[in-house]
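Heads up: the sequence lines are chains A and B, in that order.
Numbering-wise (my numbering), the first sequence opens with residue 41 and increments by one.
Numbering-wise (my numbering), the second sequence opens with residue 41 and increments by one.
In this text, a Cβ means the ideal position worked out from N, Cα and C, and glycines have one as well.
Protein chains: 2
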Amino acid sequence: MAGSRAHGRGATIYAVAERAGVSIATVSRYLHNPAQVREANRQRVQRAIVELGYEPLGAAQTLAARSHEALGLIVPEITGQYYADLIAGFEAAAGERDLSVVLVLAAGRSDLARAARRLAVRVDGLAIMASTGLPRSGVDSLAARVATLVLAGDPATGIECVRAESAEPARELTTRLLSAGRRRLRFVGDPAGAIDVRDRHAGFVAAHAAYGLPAADPVLVPFDESGGRAAAELLLREIPLTEGLVCANDLLALALLERLAAAGIGVPEEIALTGWDDILAARYVRPRLTTVRQPVREIAALAAGLLHDRLTIDRPWGGDHVIPCEVIVRDSCGTSDPGTSHPAHH
Amino acid sequence: MAGSRAHGRGATIYAVAERAGVSIATVSRYLHNPAQVREANRQRVQRAIVELGYEPLGAAQTLAARSHEALGLIVPEITGQYYADLIAGFEAAAGERDLSVVLVLAAGRSDLARAARRLAVRVDGLAIMASTGLPRSGVDSLAARVATLVLAGDPATGIECVRAESAEPARELTTRLLSAGRRRLRFVGDPAGAIDVRDRHAGFVAAHAAYGLPAADPVLVPFDESGGRAAAELLLREIPLTEGLVCANDLLALALLERLAAAGIGVPEEIALTGWDDILAARYVRPRLTTVRQPVREIAALAAGLLHDRLTIDRPWGGDHVIPCEVIVRDSCGTSDPGTSHPAHH
DNA sequence: TTGTATGCGTTATCAT
DNA sequence: ATGATAACGCATACAA
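Laid out in structure tokens, this is it:
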């Protein structure tokens, strides 16, 4: 059939009705409330449907029923397991509720605002990652049209959001370093970059406060490998050497680790190190990376569930949903006590 | 506004027309062919649109124009960078063409066939990964409805497919080991599992043939870390020890590497090793992993482009699009010659 | 229990 | 250049 453009326009409800010898109303009823149609007709309609391979056209249903049966998801990009899990969790939860998910990647979009507007007229609900780059006003105008919710967002905006609890794990990691006697600690990453990084830094500071210590200024670098390398450059120049690093994510920590090793610095002996995200490589580097595992899939699934609820049941919204993380103690922090540490393999 | 369910149903074309003092036809023309409408009316319509925040309802456009302006993508899951890149590449290419993408994850779907059918009535084109688990007949029936294309698929099915060239890189890697004097080589992974693994194994065999050597049987294990560990168990028991392993992917290779190191086996001295996919961890383990980088984003982007073409221009289809991969020589294969090797950092 | 008829928000044809 | 108006495929109120 190469060369043809005919893609069997698909049978309509009229075709099914005719074939079954009933009206379209009966077919529609059979689809949505079979109990309403007499057994005999049920059979006839059923047969007609399978014979014709009928499947209702989504757009027509949407128009008539005023519901898209779809959720939109806007993420900045898909690099690393974090976003992959986010999308997977969202899609799975949406699928369980028979909702389609329309995905939009903000990265590289010349006109993200337009893409978002277009998305908003194709779905019933919208989940947006806070770091997509959409201006606050843009999110607000979207929220005015469809049920909207922000992932890893700032609860202060008033828009409902779902996020991981970041301060506590950071406090725990920092305390771990502090209680091991290390004092010259640094947080690596820019607290102003994202709400969750701000919280992680807050935990870093809180741990110091509990010890009656001041927290040094954060090392301001990008959240990727280049940032880790840059941080290494900076830190290796300092005297006396830093004793512990709480990194904003694993990418940063990994690159740092590599550079420190290359410089002959012992990790964790001389410098202890922690990451964030528990990416795959964290288990394979030496020393294995102590890090924090965010319940990303759960967060995304909760988001999809909340959106669905908002569409189906009448509940108040605007809340701030916070989900706790899990600290994974391995070797890089130099304080792994086998008793509470996490097994290397899932 | 918490508690309310009012999500401003959105202005309609009627509202815009009324506000601008023209008919809906003029508004529609303004949207699709502004040149047809007089300057004065253009202004009035434009104003009305921004004042009302009008955006055409997707479903209504779909119904009237008989086009969804959307592409569907079905992938088995999103674990690892491979699927992430696939989705990212597809979405980016679709977005450039103003097409939405509706994503379906096969993993965990109790009724994948139904999800696929539902997807097919919501999009104009469909890209399906070969390994989703959809039966051949299912794919065929989808292809009868919408433009369909298979990713990493078998060209023998007759359905258009886009895939990476797998045999050649495998042949190259194997030859590398062979030319270093290693003879007891094994392919790790099940060639029957997927079309591209079959091709990789074919390359492994071809390299042996060129040396007039028989290829040993592949080590049949799952394509994940558990498979790598299982393979290590098996291989460590063999005497004499294998000298080189061509693994079906990096996950496998990484887990194997770890187990071999734990057993005191020198890599690459005693056993040389290669992976496939060039995941992040491949650059961070020691020895750094020699592997193959697939142009996943390009493959996915090509798929989206092909689907779009099929919808817009009348071209013959049914082809088999093959894209070459890049071999990344690092340390684990024991034959890294700095001259042709790839830099460690992008 | 079933059929008829109307409306959903667009696009596009046909007059004007 | 513009305005009626008929599809598009389905859900549903209403009548029978």
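- Contact between the region 161-173 of chain B and the region 115-125 of chain B is present: 3 or more CB-CB pairs across the two stretches fall below 8 Å.
- Apart from sequence neighbours up to five positions away, the residues of its chain that approach residue 295 of chain A with a beta-carbon distance below 6 Å are 265, 268 and 269, ordered along the chain.
- Annotation: the continuous beta strand (DSSP E) that includes residue 366 of chain A extends over 366-368.
- Beyond the five residues adjoining it in sequence on each side, residue 257 of chain B comes within less than 7 Å, by CB distance, of no other residue in the same chain.
- Rounded to the nearest whole angstrom, the CA to CA distance from residue 120 of chain B to residue 127 of chain A is 13 Å.
- Listed along chain B, the residues sitting closer than 9 Å to residue 157 of chain A by beta-carbon distance are 93 and 95.
- Pairwise C-beta distances place the region 68-87 of chain A out of contact with the region 81-92 of chain B, as fewer than three of them are shorter than 8 Å.
- In the DSSP assignment, residue 129 of chain A falls within the alpha helix (DSSP H) that extends over 121-136.
- Excluding residues up to 5 positions away in sequence, 333 lie with their Cβ nearer than 6 Å to the Cβ of residue 366 of chain B in the same chain.
- Residue 140 of chain B has B:110 as its beta-bridge partners, per DSSP.
- The count of Cβ pairs closer than 8 Å, one atom from the region 312-328 of chain A and one from the region 242-259 of chain A, stays below three, leaving the stretches out of contact.
- A contact between stretches requires three or more CB pairs, one per stretch, nearer than 8 Å, and the region 345-352 of chain A fails this requirement with the region 346-354 of chain B.
- Under the DSSP definition of a beta bridge, residue 187 of chain B partners with B:165.
- In the three-state reduction of the DSSP assignment, residue 50 of chain B falls in the coil class, being assigned neither a helical nor a strand state.
- For residue 287 of chain B, the beta-bridge partners assigned by DSSP are B:228.
- The region 357-364 of chain A and the region 196-215 of chain A touch, with three or more beta-carbon pairs separated by less than 8 Å.
- Excluding five sequence positions before and after residue 190 of chain B, the CB atoms of its chain that fall closer than 6 Å to its own CB belong to 168, 170, 199 and 201, given in chain order.
- The beta carbon of residue 160 of chain B sits closer than 6 Å to the beta carbons of 182, 185 and 186 from its chain, once the five residues preceding and following it are set aside; these are given in chain order.
- With 16 or more neighbouring CB atoms inside 10 Å of its own CB, residue 298 of chain B falls in the buried class.
- Among the residues of the region 317-340 of chain A, those with a Cβ less than 8 Å away from any Cβ of chain B are 319, 320, 321, 324, 325 and 326, in the order of the chain.
- Using a Cβ distance threshold of 8 Å, residue 323 of chain B and residue 283 of chain B do not count as a contacting pair.
- Here residue 217 of chain B is near residue 373 of chain B, since their CB atoms are less than 8 Å apart.
- In the three-state reduction of the DSSP assignment, residue 253 of chain B falls in the coil class, being assigned neither a helical nor a strand state.
- For residue 196 of chain B, there is no enclosing beta strand (DSSP E), as DSSP gives it neither H nor E.
- Judged by beta-carbon spacing, residue 109 of chain A lies within the 8 Å limit of residue 138 of chain A, meaning their Cβ atoms are closer than that value.
- Listed along chain A are 117, 118 and 145, each with a C-beta nearer than 7 Å to that of residue 128 of chain B.
- Boundaries of the alpha helix (DSSP H) around residue 157 of chain A: 152-160.
- For residue 376 of chain B, there are no C-beta contacts with chain A under 7 Å, since the nearest C-beta of that chain is about 18 Å from it.
- Within 9 Å of the CB of residue 108 of chain A, the CB atoms of chain B belong to 98 and 99, in sequence order along the chain.
- Looking at A:261, A:228, A:233 and A:234, the one whose alpha-carbon comes closest to that of residue 245 of chain A is A:228.
- In this structure, residue 55 of chain A keeps its C-beta atom at 8 Å or more from the C-beta atom of residue 66 of chain A.
- The three-state secondary structure of residue 353 of chain B, taken from DSSP, is coil.
- Residue B:290 holds the alpha-carbon nearest to the alpha-carbon of residue 321 of chain A among B:305, B:341, B:340 and B:290.
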